[in-house]
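The opening position of the sequence shown corresponds to residue 11 in my numbering, with each subsequent residue numbered one higher.
Beta carbons: idealized from backbone N, C-alpha and C, even for Gly.
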Amino acid sequence: MLSDEVSDPAAELAGVLSPPPSAQGGYLPAVAHAGVLVTAGMTPRVDGVLHLRGQVGTDLSVDEAQEAAAVAVGNALSAALAALDPGQQLDRVLRMTVYVNAAPGFTEHTAVADGASSRLRELLGERGAASRTAVGVTSLPGGACVELDLTCSWHELEGGA
């Protein structure tokens, strides 16, 4: 786990996170501007291959979807850190939105999102504790069971790069 006092989250997490995922279309995986960093929607891809497809509540269990959410948030954090230039540092995660490919009648969206929230706090400590929205949808790109995005804050280090 990354302590709240660590001066360089990117260096600390380099050996823990997978490399940032490649864009799956005409967009950037993350953009940092004016102290705000926003990621694109991230799915649970492992080495570029979508992990765990299907609807939660019919094809997949909540536990499986929590695992997928943890993978997706790792991808989002990796993309966020890669968007920062030398001399810039992640402050904290401000907000996370989690989209769950949910079967009709499924109501455990927040339990699925807990998989991502837990992983963020494991990786970033209290800096990973964020506000959150969890939403059920009828489908996601490639049949993913979960997709999420992050909004973070960052700052320039004193003295620059």
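Going by the beta-carbon positions, is the gap between Gly58 and Ser32 smaller than 9 Å? Taking 9 Å as the Cβ cut-off, Gly58 and Ser32 qualify as a contacting pair.
For Glu90 versus Thr49, is the C-beta spacing smaller than 9 Å? For the sequence presented, residue 90 should be read as Ala rather than Glu. Contact: yes.
In whole angstroms, what separates the C-alpha of Val83 from that of Leu160? Near 8 Å, if we compare the C-alpha coordinates of Leu160 and Val83.
Own chain partners of His61 with C-beta closer than 8 Å, once the 5 adjacent residues on each side are dropped: Residues of the same chain with a CB within less than 8 Å of the CB of His61, apart from the 5 flanking positions on each side, are Pro54, Arg55, Ala78 and Val81 in chain order.
Tell me, please, which residues DSSP counts as bridged to Thr143. DSSP, once it has assigned bridges, lists Thr107 as partnering Thr143.
Output needed for Gly153: all residues of its chain with C-beta closer than 6 Å, excluding positions within five of it in sequence on either side, in chain order. Within the same chain, Gly153 has close Cβ partners Arg63.
Could you tell me whether the Cβ atoms of Arg102 and Leu70 are closer together than 9 Å? One thing to note: Arg102 has its Cβ no nearer than 9 Å to the Cβ of Leu70.
By the three-class DSSP mapping on this structure, what secondary structure does Thr120 have? In this structure, Thr120 counts as helix in the three-state DSSP scheme.
Please report the residue range of the beta strand (DSSP E) in which Asp159 lies. Asp159 -> beta strand (DSSP E) spans Val156 to Glu166.
Contact check, Gln98 vs Glu22 under 8 Å by CB: the rounded distance? With a Cβ gap of about 15 Å, Gln98 and Glu22 do not count as contacting.
First and last residue of the uninterrupted beta strand (DSSP E) at Val26: Element bounds for Val26: n/a, residue is neither H nor E.
As assigned by DSSP and simplified to three states, the class of Ala21: Collapsing the DSSP output to three states places Ala21 in a helix.
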